[in-house]
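Participant: Can you keep this structure in mind? I'll have questions shortly.
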Amino acid sequence: MAKEKKNLDWGNLSFKYQPCDYSYVCNYKDGTWEEGGLSTEHTITLSEDAGIYQYCQEIFEGMKAYTTEDGSIVVFRPDLNAKRMADSARRMVMPPFPEDKFVDAVKQVVAGNEAWVPPFGSGATLYIRPFMIATGEVLGLGASDQYQFRIFVTPVGPYFKAGAKAVKLTVPAYDRAAPMGTGNIKAGLNYGMSLYPTLQAHEGGYSENLYLDSRSRTYVEETGGTNVLFVDKKGGLVVPVSATDSILPSITRRSLVELAQHLGIPVEERPVRFDEVVAGDFAECGCIGTAAVISHVAKIEAEGVDVTFPDCGEEGGPVLRRLRDALVGIQTCKDPDPFGWVVKIV
Ligand code: PLP
Ligand code: COI
Numbered sequence: 180m181a182k183e184k185k186n187l188d189w190g191n192l193s194f195k196y197q198p199c200d201y202s203y204v205c206n207y208k209d210g211t212w213e214e215g216g217l218s219t220e221h222t223i224t225l226s227e228d229a230g231i232y233q234y235c236q237e238i239f240e241g242m243k244a245y246t247t248e249d250g251s252i253v254v255f256r257p258d259l260n261a262k263r264m265a266d267s268a269r270r271m272v273m274p275p276f277p278e279d280k281f282v283d284a285v286k287q288v289v290a291g292n293e294a295w296v297p298p299f300g301s302g303a304t305l306y307i308r309p310f311m312i313a314t315g316e317v318l319g320l321g322a323s324d325q326y327q328f329r330i331f332v333t334p335v336g337p338y339f340k341a342g343a344k345a346v347k348l349t350v351p352a353y354d355r356a357a358p359m360g361t362g363n364i365k366a367g368l369n370y371g372m373s374l375y376p377t378l379q380a381h382e383g384g385y386s387e388n389l390y391l392d393s394r395s396r397t398y399v400e401e402t403g404g405t406n407v408l409f410v411d412k413k414g415g416l417v418v419p420v421s422a423t424d425s426i427l428p429s430i431t432r433r434s435l436v437e438l439a440q441h442l443g444i445p446v447e448e449r450p451v452r453f454d455e456v457v458a459g460d461f462a463e464c465g466c467i468g469t470a471a472v473i474s475h476v477a478k479i480e481a482e483g484v485d486v487t488f489p490d491c492g493e494e495g496g497p498v499l500r501r502l503r504d505a506l507v508g509i510q511t512c513k514d515p516d517p518f519g520w521v522v523k524i525v
């Protein structure tokens, strides 16, 4: 029988942390990962010289759990988060967390916090944040020899303050990721460096920054916390690809591409020049990711730039809305899942 849910105002949650009953914790020492398991402790105490504090060895993931109409609890493609986290670990000289152990840990922590998974139809979801930090001491520049892998969960509402309404983006003078840098992995350091331009964007009334490639400032890359997609005037999906491999390989993006192909929507994956966007070549634009799902973009403004997406009203344009509904339909098991993406937990 489904567990009784916590008494929260599910429809009015924002994207904010609140500790739940359990976190999953697993430590790495002497070259091996311990067994790991659930913990009711939500704070971490470390040496002041831990690698995370000195040289920023931290990587993370973002996933969601959903309550379905029949009261089951499911997660979406956890194997891909497991793999991406292992890729991030290798780049940051951290020990990859075994991928099957990752999926098992997600199952344990979601099942343990079943009462915190927002009810079907509430619009809220349980956000799952796996992360890994260097816990061993380092002084000379180098990698730590001890790590902690951890997952916390927290119930969340919409990522952007605009909720389901279309958002405005701006183009910052700052870069997000260097060629041959770490833009293609999910390392906390990428987000730390984006905080200042993000603050400036928020002060200017924008939800996010759209970053251009840092080598030539010619091509569209992504925002601070999402990939972006465009729809051309013929209704085809246009997916920006990075010539310098500095875009995070989004699981939402990969799923939407597969879904569009399944629905017969033409898909083009290619470098997208920002001057195409400025020239008004696209009918729709969206910010996409686990936290943001698909947030429709109404406008992109910057110095000398004023782009409006003609098909995107307050609620978004028809192609991205169709894709959003199809994706969320599968994620919440409202619709059949022909791809086998959804993993049942409870
Ligand atoms: N790009 C960045 C920089 C992100 O932080 C995220 C969020 O995870 C994404 C893209 C979207 O990736 P995913 O769809 O796997 O959540
Ligand atoms: C996610 O979408 O899961 C992310 O990790 C993005 C983050 C900036 C909240």
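Numbering (this note's numbering) for the sequence shown: 180 to 525.
Think of the CB as a built atom: it goes at the ideal place given N, C-alpha and C, for glycine as much as any other residue.
Express the C-alpha separation of VAL317 and GLN325 in angstroms, rounding to a whole number.
Facilitator: Each residue's alpha carbon lies about 10 Å from the other.
Participant: Along the chain, which unbroken stretches of the beta strand (DSSP E) at least 3 residues long are found entirely within the region 312-373?
Facilitator: 326-335, 346-349
Participant: Alpha helix (DSSP H) containing GLU455: first to last residue?
Facilitator: 453-457
Participant: Here's a check: name, in chain order, each residue in its chain whose Cβ is nearer than 6 Å to the Cβ of PRO351, leaving out the five neighbours to either side.
Facilitator: If the five residues before and after PRO351 are omitted, its C-beta is found closer than 6 Å to the C-beta atoms of PRO376, ASN388, all from its own chain and listed in chain order.
Participant: Shorter than 7 Å, the distance from the beta carbon of ALA345 to the closest heavy atom of the ligand COI, or not?
Facilitator: no
Participant: Taking its Cβ as the centre, do 16 or more other Cβ atoms sit within 10 Å of SER434, making it buried, or is it exposed?
Facilitator: buried
Participant: Along the chain, where does the alpha helix (DSSP H) that runs through ALA471 open and close?
Facilitator: Where ALA471 is concerned, there is no enclosing alpha helix (DSSP H), given that its DSSP letter is neither H nor E.
Participant: If you measure from each residue's Cβ to the nearest non-hydrogen atom of the ligand COI, which ones come out under 5 Å, in chain order?
Facilitator: Matched residues: GLY241, GLY404, GLY468, THR469, ALA470.
Participant: Hey, could you find the ends of the beta strand (DSSP E) THR431 is sitting in?
Facilitator: No beta strand (DSSP E) holds THR431; the alpha helix (DSSP H) holding it covers 430-442.
Participant: Assuming contact is defined by CB atoms lying nearer than 8 Å, are VAL335 and TYR353 in contact in what I supplied?
Facilitator: The criterion of a C-beta distance shorter than 8 Å is not satisfied by VAL335 and TYR353.
Participant: Let's see if you can read the secondary structure: which residues bound the alpha helix (DSSP H) around ASN388?
Facilitator: No alpha helix (DSSP H) contains ASN388, which is instead part of the beta strand (DSSP E) from 387-391.
Participant: Provide the residue span of the beta strand (DSSP E) that contains PHE239, from first to last.
Facilitator: Where PHE239 is concerned, the enclosing beta strand (DSSP E) stretches over 237-239.
Participant: Tell me, to the nearest whole angstrom, how far the beta carbon of VAL498 is from that of VAL436; I am working on the premise that it is less than 8 Å.
Facilitator: About 13 Å separates the two Cβ atoms, so there is no contact after all.
Participant: Cα-Cα, which of ASP249, GLY508, GLU480, LEU192 is closest to ALA458?
Facilitator: The residue with the shortest Cα to Cα distance from ALA458 is GLU480.
Participant: If the criterion is Cβ atoms closer than 8 Å, does the pair THR405 and ALA477 meet it?
Facilitator: Judged by their CB atoms, THR405 and ALA477 are not nearer to each other than the 8 Å cut-off.
Participant: Give me, in chain order, the residues of the same chain whose beta-carbon lies closer than 7 Å to that of THR333; leave out the 5 immediate sequence neighbours on both sides.
Facilitator: TYR196, GLN197, CYS199, TYR306
Participant: Comparing alpha-carbon positions, which option in LEU320, ALA343, ASP279, THR314 lies nearest ALA303?
Facilitator: ALA343
Participant: Bridge partners of VAL296, per DSSP?
Facilitator: Paired residues: none, contrary to the question.
Participant: Taking the alpha helix (DSSP H) that ASN260 falls in, what are its first and last residues?
Facilitator: 257-270
Participant: Report yes if the C-beta of LEU442 is less than 7 Å from at least one heavy atom of the ligand PLP; otherwise report no.
Facilitator: No, the ligand PLP has no heavy atom inside 7 Å of this Cβ.
Participant: Rounded to whole angstroms, what's the CA-CA distance from VAL451 to THR397? Just pull it up for me.
Facilitator: 8 Å
Participant: Determine the extent of the alpha helix (DSSP H) in which PHE281 is found, giving its start and end residues.
Facilitator: 278-291
Participant: Please classify HIS475: does DSSP put it in a helix, a strand, or coil?
Facilitator: strand
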